[in-house]
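Participant: Take a look at this one; I'll ask things after.
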Amino acid sequence: MRGSPAIARQRQRRRSPSSPPNSIWRAPRCSERSPRLSVASVRFRRATTQHGNLCDDSHMSGRQITIIANWKANLPPSEEVALAKAIADGLGGASASAGAPSKIRLLLAPSAVGLVPVASLLRREYPQAGIEVAAQDASRTGAGAFTGELPAEHLVGIVPAVIVGHSERRRDHGESDEVVGEKLARVVAAGLAPVLCVGDNLPQAEITARVEYVQGQCAAAFAAAERAGCNAHQLFAAGLVIAYEPVWAIGTGNPASLEIAEAIARGLRTKLNREELPVLYGGSVDAASAASWFGTPSARTNLDGLLVGGASLSADRIVAIARAALAVTDPS
1 MRGSPAIARQ RQRRRSPSSP PNSIWRAPRC SERSPRLSVA SVRFRRATTQ HGNLCDDSHM
61 SGRQITIIAN WKANLPPSEE VALAKAIADG LGGASASAGA PSKIRLLLAP SAVGLVPVAS
121 LLRREYPQAG IEVAAQDASR TGAGAFTGEL PAEHLVGIVP AVIVGHSERR RDHGESDEVV
181 GEKLARVVAA GLAPVLCVGD NLPQAEITAR VEYVQGQCAA AFAAAERAGC NAHQLFAAGL
241 VIAYEPVWAI GTGNPASLEI AEAIARGLRT KLNREELPVL YGGSVDAASA ASWFGTPSAR
301 TNLDGLLVGG ASLSADRIVA IARAALAVTD PS
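The working numbering puts the first residue of the sequence shown at 1, with every later residue one more than the last.
Quick look at the structure:
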């Protein structure tokens, strides 16, 4: 009875979900199951999907804001550790004053050589701070004879999330949407959550043109990820976050207008048919602009946080940004 063909067929039917007609939205096809997620990425996924109704600002008190500090290649590991320590010390006071540190999610993204020392510091000396570490990139290859590459599977146990497709990777390393999609697939296969960066370099364009451009970027990356064995269902299940970074605003000190950022966020959710999709903004973010954005009801409705570059290299500035977020999530 245990080996009955009928029972085997019944078990197989339970394991194999049905597939919608559109191939991009197929159920997981990799061995008919989603990849195993690391414990850290499961926590990240849960945190980034607790948004409630995004069209209703009344949910803001229970909604989590995500802040990712991208340090790029600015500091050696010793200085990255010192910066992480200063941020953790500063945020401790901010969290205590708000009484709800879990209402913001802060991830520090040091250089590749700084990942382990920064993660070790936070786990050893600040286990209650709730600060996590994200990788700035992962390779399109798996483990093997690939000199200089950083396979996503080697990041398991160190980070819960990986930034993919940052504009500087696209510009300086020629990473196409095809490459970005392959990296998305690798990150998800490793059980980590991808933070997909998209952005236009159209400073004078109409908002509609910007929205269509980033929608096209996203669709191309999703299609490439599926060709690499990872479909949209798997991306969403892994805790996908999208960060909009207008290339023309990065490093200029002049962020995109709220009107543009909000239109992009709405356009991405519409394109992907995913109303709860977390969308961040990145591009010349500082404490002043963060406070202004977090204090604007429409921004709190449409945007879920910030990807911070240069400002995150100052402990005081990134703590000020975190305080602004905490003030919104718990204004008492």
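By construction, the Cβ of each residue, glycine as well, lies at the ideal position given by its N, Cα and C atoms.
Which class does N302 belong to by DSSP, given the choice of helix, strand or coil?
Facilitator: helix
Participant: Suppose the cutoff is 6 Å on Cβ atoms and the five residues either side in sequence are ignored; what does the same chain contact list for Q136 look like?
Facilitator: A109 and I163
Participant: By how many angstroms is the C-alpha of S292 removed from the C-alpha of A325?
Facilitator: 10 Å
Participant: Which two residues bound the contiguous beta strand (DSSP E) that contains R105?
Facilitator: Here the beta strand (DSSP E) through R105 covers I104 to A109.
Participant: Under 7 Å Cβ to Cβ from I264, same chain only, skipping five residues before and after it: list those, please.
Facilitator: R210, V211, V214 and Y244
Participant: Between the C-alpha atoms of A262 and V247, what's the straight-line distance to the nearest angstrom?
Facilitator: Sequence inspection shows Glu at residue 262; the Ala mentioned does not correspond to that position. Looking at the two C-alpha atoms, the distance is approximately 16 Å.
Participant: Do S284 and A249 have their C-beta atoms closer together than 8 Å?
Facilitator: Their beta carbons are under 8 Å apart, which means S284 touches A249 by this criterion.
Participant: Could you check where the alpha helix (DSSP H) with V187 kicks off and where it finishes?
Facilitator: D177 to A189
Participant: What residue range does the beta strand (DSSP E) around C197 cover?
Facilitator: A193 to V198
Participant: Rounded C-beta distance between A112 and L75? I'm assuming under 8 Å.
Facilitator: Not quite, the Cβ-Cβ distance comes to about 12 Å (not below 8 Å), so this is no contact.
Participant: Please state whether the Cβ-Cβ distance between I158 and L122 is less than 8 Å.
Facilitator: It is not a contact, given that the beta carbons lie outside the stated cut-off.
Participant: I want to know whether the segment 66-86 touches the segment 304-323 - three or more CB-CB distances under 8 Å.
Facilitator: Touching, yes.
Participant: By the DSSP assignment, the beta strand (DSSP E) with I68 in it spans what residues?
Facilitator: I65 to N70
Participant: By DSSP, does I264 sit in helix, in strand, or in coil?
Facilitator: Taken through DSSP and simplified to helix, strand or coil, I264 comes out as helix.
Participant: Below 8 Å on the Cβ atoms is my guess for P278 versus D304; work out the distance and round it to an integer in Å.
Facilitator: 4 Å
Participant: Based on Cα-Cα distance, which residue from I104, G130 and G142 lies nearest to L155?
Facilitator: G142
Participant: Say whether the segment 221-228 touches the segment 177-191, bearing in mind that this needs 3 or more beta-carbon pairs closer than 8 Å, one atom from each stretch.
Facilitator: yes
Participant: Please report the residue range of the beta strand (DSSP E) in which I321 lies.
Facilitator: From DSSP, I321 is part of no beta strand (DSSP E) but of the alpha helix (DSSP H) over A315 to T329.
Participant: Helix or strand or just coil, what does DSSP make of V113?
Facilitator: helix
Participant: At what residue ranges does the segment 107-176 contain a whole run of the beta strand (DSSP E), taking only runs of 3 or more?
Facilitator: 132-135 and 161-164
Participant: Just verifying my parser: in three-state terms, what is the DSSP assignment at V308?
Facilitator: In this structure, DSSP gives V308 an extended state, which the three-state scheme calls strand.
Participant: Kindly indicate the opening and closing residues of the alpha helix (DSSP H) around L235.
Facilitator: Where L235 is concerned, the enclosing alpha helix (DSSP H) starts and stops at A232 to A237.
Participant: Based on the DSSP output, what are the partners of I242 in its beta bridges?
Facilitator: L196 and V279
Participant: Taking buried to mean at least 16 other C-beta atoms within 10 Å of its own C-beta, is N302 buried or exposed?
Facilitator: buried
Participant: Taking only the alpha-carbon atoms, compute the straight-line gap between G144 and V328 and give it to the nearest angstrom.
Facilitator: 46 Å
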